[in-house]
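K.L.:
First residue of the sequence shown: 12, per the working numbering; consecutive thereafter.
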Amino acid sequence: MRRMFALLVLGLTLAPWVCAVGTAGPLREPVSAATGAALVENASALEAAFSARAGEPLRQFGYDLFAQAADSRPLPGAVQGDYVLNTGDELLVTLRGQKSFSKRFAIDSGGLLLVDEIRPVTAAGLTLAALRAELSAAVTAALPNTDTFVSLADVRRIGIVVTGSVGRPGRQEVSAFATVLDALSTAGGVTRAGSLRRIRLIRAGDAEGGRTIDLYDLHLTGGESAGGAGQRLRDGDRLFVPPLGPTAAVAGPVKRPGIYELAPGQPRLSATELRELAGGVLRPGPQRVLRFGIAPSGEEAAEEVGDPQAPLFGDGDLLLLTPQREDRRNEVRLEGHVHRPGPRALARSGRLSALVARSDLRPDPYLPFAALATTDPATRARVLRAVDLAAVLKGRDDRRLAEGDTLYVLGAGDVDFLTSEPVLDLLRGDRALPSDACQGLVVLGRALAASPDGPLATGRQARAAAGLTGSRGPCPPLFEAVPDLLAFALERSVLLLGGVPRPGFYPRAGRAAAGGASALARAAGDEPEGLEWVDPAEDGEADGRGAILESTVPHYELVGHVRRPGTRPLTGRTTLRTALGGGEAMKRGVYPLLGVIERFDRRTLTRSLIPFSPQEVGARRADRALADGDRIHLFPAARLHSPPRSAQEAGTAPSVPKRDDPPDSEPLDPAIAALIAERTVQVRGAVRQPGGYPVADQTPLSALIAVAGGLSSDADPTSVELTAASGARTAIDLGRTGNSVQSAGPGDAIRVNPRAQALEARAVTIQGAVRRPGSYDVGRGETLSSLIARAGGLTEDAYPAGAVFTRESERRREKEQFTQQARELERALTLEIEKGDPVKAENVALARQLAAQLRGAEPLGRIVVEADPAVLRARPELDPLLESDDRIHIPKRPLSVAVAGEVMHPTAAQFVSGKSAEAYLEEAGGPTRNADPGRSFLILPDGRAQPLALSSWNHRVSTVPPGAILVVPRDPKPFDSLEFTKSVGGILGQLAITAASIAVISR
């Protein structure tokens, strides 16, 4: 806001300069409602109306609070002991002592907390502190000498209803810790049509019909009182946001200008109260206070407020504050291309020589011209006067300065902008400015529109400049801060054409003849040679306005990726090789295989493009004579290399700079871009940078491979394919003498074939009951039996029937499957909620918990294989091929059968031949209340799974081998009310298999 106010003051100060450069009209015009909307991005109707009245952008106060949705979920373990637990909360229980573990347990739909080996504890309705005491007593009774630690791992979700002026009205799910502010953020925030001071919280059983919440307290003081934005919500609460109430606005040099809603019961405020709402004034001192109110007839009336304590400002009123004095005394200023811009004391810097010295200037100052902003003693208006900065530095111009004078020093970039494309477009007659045009271009456009027949708009300079190609750099800050300076400098410029590296406009303070022309040419970047006046001004002015200087000697121009781009004199001995200095003129990183000579034939009035190879020229193997006016284009290598493209794109060429181009890169001329596309050779295969590479003519394969980064480490130089544009294909061995100099031309394609890899990229690992466990490099086609043999074979106690074979690609597939199932589960749950059908909160919590388990599950990627060497010898078709990162674990012969899943006491029971699955289940305490015994299954030692018959109506007998795992999955009944119940059973089974497989590896 300080910067905005400074620019406003600067605009008022520089207003008289508009007339000095030929533009007319007041600085500030009446602002329409449409213009008011343009002042504020995405403005509401109220903001557009107030902004139009104030003439500056005004935002409604307080609504930025909802720019990002708040996360009301607390950090685990950061919950106080008075938190009341309920179904859906998840606790982290840690035991240390006789039994040690750390696991997460959720409070089930019955309000019970079921912890392994501990009696069920009724947790719903208890505080966290009370549950700690209750659970500690239960642990002490079951497991003496065991310490218990309990913290909240995840909180339940509650449902509230948010209606009124919010982004997404309706039912919202938030955590049990959510506040009013969290709920509003979850609902998309309060819209600008809604009130921030009259929000109602309606709670079941509240006899008073709800409480009113004022968010301004949070904005102005940071307070979140228990009855305000920080109030904790309960399940079933309702929030209603009514329409916006009465508003008043504050504008001018205040710290927080904006539109403020009036508090309930306070229909009018004083100027002092409104000023404090806006944070106070920016500048201390007496202020002029104006009230803009809407009369009953609809007219806006302004009045000066004498008593700032009087409550005069009501709905629709605008308070405008302005300092009574904003002037400064006894100062002059130095701005622009200097090291320390800013004010100077008039007593010390009363003359130009004292204001600026060479030590004040930054590198590359423009010496022939500077601008002095001063007050005309006759008209008392601010005007710009041209100053010869070189004369000031040499002491030839030491004029006295007046209070408030400002000297603006230009740099090379400022002068280059005089010949930029936006400026040239205006001179060519295009009055349409881009949306991001700087103020200097705006003022220049107005000056040209005000004098359409003037010399600046239609003079010979403008006509001559129409054929120039300008730069596309950003507008310098100097022309943004001092808009009139751009047109002022152009009116006092000479147009240099030829004989200098950078043709274009160059301003000067005096006549640009004789020595003056030499000074301008030196400022343009080169010593002058053969400069003459070819188009002097016809208006007879002494300073030669509108002059054009052009070289009469033959010349050529270096363009693009060269050390010193620009124009050079052409002699009879100048050739392409001497122009490039034998390669010295090229920048590092130049593209070596193609450059372009752009030649204009004045006899036939045609342009031709001549390709050449900079590499061949630099190596003195090629050369070419130059003609007057030739332009030599060189390109950066990063620009001409195109990555591999499809066949449909193969005929196109880059027409805009790539992201890694130099910042000053210009778009390629369409004709040059077409030439590049026509002369491209595709290099593919085992090179470091495959892609398209344009060439001038037939080019050795070695040069093309070198520009493509060289051969990669897996390249086979004996197997290179050259496909000609005609379709003929040739096999080439680069290792043979002479083959490396074979060449490819435009339209050809080269492919360097890779060598066949003998080894896999990464090793495989075998562990467990083998004689030499560890990691082994394997070749292509190697099998599991050969790996076991290399590892010394199996030990005497090995159990190959229980081998665990895991593969990374299978693990990634299973992980993606789990993630997809989690997404589908969440999507189905969202659809259930959006239908509006009643859904139990505990079912929703369980579904979310199941989705979180799916996302957090880490599958092994196990594959069922045969690992017995004797069987593999007899049946080699069962011998699996190995891949990189495979892991094989051969266990020892087990003596137990594990029981896992939803059982009272997961355990590993001793294996007894012929023992039934029911007997193993009884040893684990039987199934829990959440179990589904009818879906139990047995994981065999080799990883296969088969269903068990544990129901009373099925009397099949299942053999349980040693090392097997009996798994009782979770019952999907809590999800019966949801439509996606069919998929839950399979998901629970997959999670159980994953957990059991991890248990096998852990043993």
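In this text, a Cβ means the ideal position worked out from N, Cα and C, and glycines have one as well. Since the model is a prediction, treat every value here as computed from it, not as a measurement.
Residue range of the beta strand (DSSP E) that G571 falls in?
P.N.:
For the purposes of this step, residue 571 is taken as the residue at position 560 of the sequence shown. Looking at the DSSP string, the run of the beta strand (DSSP E) that includes G571 is H566 to G571.
K.L.:
By Cβ distance below 8 Å, which residues in the same chain neighbour V398 in space, the five residues on each side in sequence not counted?
P.N.:
As a working note, residue 398 is residue 387 in the sequence shown. Cβ within range, chain order: L363, F380, A381, A382, L383, D408, L418 and A520.
K.L.:
Compare the Cα-Cα distances from G415 to each of G703, L435 and R391 and report the closest residue.
P.N.:
If you number the sequence shown from 1, residue 415 lands on position 404. That would be R391, whose Cα lies nearest to the Cα of G415.
K.L.:
Would DSSP call H900 helix, strand or coil?
P.N.:
Within the sequence shown, the letter at position 889 stands for residue 900. Three-state DSSP puts H900 in a strand.
K.L.:
For G92, which three-state DSSP category applies?
P.N.:
Along the sequence shown, one-based indexing puts residue 92 at 81. Note: G92 maps to coil in three-state DSSP.
K.L.:
Could you spell out the range, first to last residue, of the beta strand (DSSP E) harbouring Y602?
P.N.:
Mapped onto the sequence shown, residue 602 falls at position 591. Careful: Y602 lies outside any beta strand (DSSP E) and carries neither H nor E.
K.L.:
What would DSSP say about T232, mapped onto helix, strand or coil?
P.N.:
The residue labelled residue 232 in the question sits at position 221 within the sequence shown. Correct three-state label for T232: helix.
K.L.:
Tell me whether the beta-carbon of N156 lies closer than 8 Å to the beta-carbon of Q91.
P.N.:
Counted from its first residue, the sequence shown places residue 156 at position 145. Counted from its first residue, the sequence shown places residue 91 at position 80. Not in contact: N156 and Q91 (Cβ atoms no closer than 8 Å).
K.L.:
What's the call for T190, buried or exposed, on a 16-neighbour Cβ count within 10 Å?
P.N.:
Looking up residue 190 in the sequence shown gives position 179. T190 comes out buried.
K.L.:
Under 8 Å, with one C-beta from each stretch per pair, do the region 200-213 and the region 147-163 reach the 3-pair mark?
P.N.:
Verdict: no, contact absent.
K.L.:
Do R690 and P622 have their C-beta atoms closer together than 8 Å?
P.N.:
Looking up residue 690 in the sequence shown gives position 679. Looking up residue 622 in the sequence shown gives position 611. Cβ atoms of R690 and P622: closer than 8 Å.
K.L.:
Could you tell me the alpha carbon to alpha carbon distance between G178 and G200, rounded to whole angstroms?
P.N.:
Your numbering for residue 178 matches position 167 in the sequence shown. Your numbering for residue 200 matches position 189 in the sequence shown. Cα to Cα, G178 sits roughly 6 Å from G200.
K.L.:
By alpha-carbon positions, which one of L798, G792, Y787 and A780 ends up nearest to L807?
P.N.:
In the sequence shown, the residue the question calls residue 807 occupies position 796. It is Glu, not Leu, that sits at residue 807 in the sequence shown. Considering only alpha carbons, the answer is A780.
K.L.:
Give the C-beta separation of V252 and G205 to the nearest angstrom, bearing in mind that I take them to be a contact with Cβ-Cβ under 8 Å.
P.N.:
The sequence position of residue 252 within the sequence shown is 241, counting from 1. The sequence position of residue 205 within the sequence shown is 194, counting from 1. With 8 Å as the limit, V252 and G205 qualify as a contact, their Cβ atoms being about 4 Å apart.
K.L.:
Check the C-beta distance from R588 over to R631 and give it rounded, since I have them as a contact under 8 Å.
P.N.:
Taking the first residue of the sequence shown as 1, we reach residue 588 at position 577. Taking the first residue of the sequence shown as 1, we reach residue 631 at position 620. Going by Cβ atoms, the distance from R588 to R631 rounds to 7 Å, so yes, they are a contact pair.
K.L.:
Between W964 and D943, what straight-line distance do the alpha-carbon atoms span, to the nearest angstrom?
P.N.:
Looking up residue 964 in the sequence shown gives position 953. Looking up residue 943 in the sequence shown gives position 932. Residue placement at W964 is poorly supported in this model, since its pLDDT is 45, which falls under 50; the coordinates still yield a value, given next. Going from the Cα of W964 to the Cα of D943 covers about 15 Å.
K.L.:
Measure the Cβ-Cβ separation of A868 and F829 and say whether it is below 8 Å.
P.N.:
Stepping through the sequence shown from its first residue, residue 868 is reached at position 857. Stepping through the sequence shown from its first residue, residue 829 is reached at position 818. Yes. Within cutoff.
K.L.:
V104 by DSSP, collapsed to three states: which one?
P.N.:
Counted from its first residue, the sequence shown places residue 104 at position 93. Three-state DSSP puts V104 in a strand.
K.L.:
In whole angstroms, what separates the C-alpha of V978 from that of V910?
P.N.:
Here residue 978 refers to the residue found at position 967 when the sequence shown is read from its first residue. Here residue 910 refers to the residue found at position 899 when the sequence shown is read from its first residue. One C-alpha to the other measures close to 6 Å.
K.L.:
Using 8 Å for Cβ pairs, my map puts L581 next to D634. What's the rounded Cβ distance?
P.N.:
To locate residue 581, count along the sequence shown from 1; it is residue 570. To locate residue 634, count along the sequence shown from 1; it is residue 623. Not confirmed; about 15 Å, so no contact.
K.L.:
With distances taken Cα to Cα, identify the nearest neighbour of G451 among P433, E52, G309 and P466.
P.N.:
Residue mapping note: residue 451 aligns to position 440 of the sequence shown, counting from 1. That would be P433, whose Cα lies nearest to the Cα of G451.
K.L.:
Based on Cα-Cα distance, which residue from A164, P625, A135 and E145 lies nearest to R115?
P.N.:
In the sequence shown, residue 115 corresponds to position 104, counting from 1. Among A164, P625, A135 and E145, the Cα nearest to that of R115 is on A164.
K.L.:
Could you spell out the range, first to last residue, of the alpha helix (DSSP H) harbouring S62?
P.N.:
For the purposes of this step, residue 62 is taken as residue 51 along the sequence shown, with counting starting at 1. It spans A56 to A65 - the alpha helix (DSSP H) in which S62 sits, taken as one unbroken run.
K.L.:
By alpha-carbon positions, which one of H566, L395 and D953 ends up nearest to P972?
P.N.:
Counting from one through the sequence shown, the residue named residue 972 turns up at place 961. Selected option, being the one with the closest Cα: D953.
K.L.:
With three or more beta-carbon pairs closer than 8 Å as the criterion, would you say the region 347-360 touches the region 321-336?
P.N.:
Output reads no: the region 321-336 does not touch the region 347-360.
K.L.:
Helix, strand or coil for Y787? Go by DSSP, reduced to three states.
P.N.:
Position 776 of the sequence shown, counted from the first residue, corresponds to residue 787. It is a strand residue.
K.L.:
How would you call L250, buried or exposed, if buried means at least 16 neighbouring beta carbons within 10 angstroms?
P.N.:
Taking the first residue of the sequence shown as 1, we reach residue 250 at position 239. Buried.
K.L.:
With distances taken Cα to Cα, identify the nearest neighbour of R208 among Y227, L195, V261 and V570.
P.N.:
The count along the sequence shown starts at 1 and reaches residue 208 at position 197. Nearest option by C-alpha distance: Y227.
K.L.:
Taking only runs of the beta strand (DSSP E) that begin and end inside the region 805-874, which ones reach a length of at least 3 residues, in chain order?
P.N.:
Runs found: 815-817.
K.L.:
Any contact of the region 820-829 with the region 918-933, i.e. 3+ C-beta pairs under 8 Å?
P.N.:
Contact between the region 820-829 and the region 918-933 is absent, because fewer than three Cβ pairs lie under 8 Å.
K.L.:
Go to I687, then tell me how far its alpha helix (DSSP H) extends in each direction, as first and last residue.
P.N.:
Numbered from its first residue, the sequence shown carries residue 687 at position 676. P681 to E689 is the extent of the alpha helix (DSSP H) around I687.
K.L.:
Between R762 and E732, is the Cβ-Cβ spacing less than 8 Å?
P.N.:
Against the sequence shown, residue 762 aligns to sequence position 751. Against the sequence shown, residue 732 aligns to sequence position 721. Cβ distance < 8 Å, so R762 and E732 count as in contact.
K.L.:
At which residue ranges does the region 457-515 contain complete alpha helix (DSSP H) runs of 4 or more residues, listed in the order of the chain?
P.N.:
Qualifying alpha helix (DSSP H) stretches, in chain order: 466-469, 471-476, 488-492 and 495-502.
K.L.:
State buried or exposed for V420, treating a residue as buried only when at least 16 other CB atoms are found within 10 Å of its CB.
P.N.:
In the sequence shown, counting from the first residue as 1, residue 420 sits at position 409. Looking at its Cβ environment, which holds 16 or more other Cβ atoms inside 10 Å, V420 is buried.
K.L.:
Using a Cβ-Cβ cut-off of 8 Å (strictly less than) and excluding sequence neighbours within five positions of R373, which residues of its own chain qualify?
P.N.:
Taking the sequence shown and counting its residues from 1, one reaches residue 373 at position 362. Within the same chain, R373 has close Cβ partners H348, V349, H350 and G422.
K.L.:
Based on Cα-Cα distance, which residue from E284, N97 and F948 lies nearest to A1068?
P.N.:
The chain is shown only over 12 to 1014; residue 1068 falls outside these bounds and no answer can be derived.
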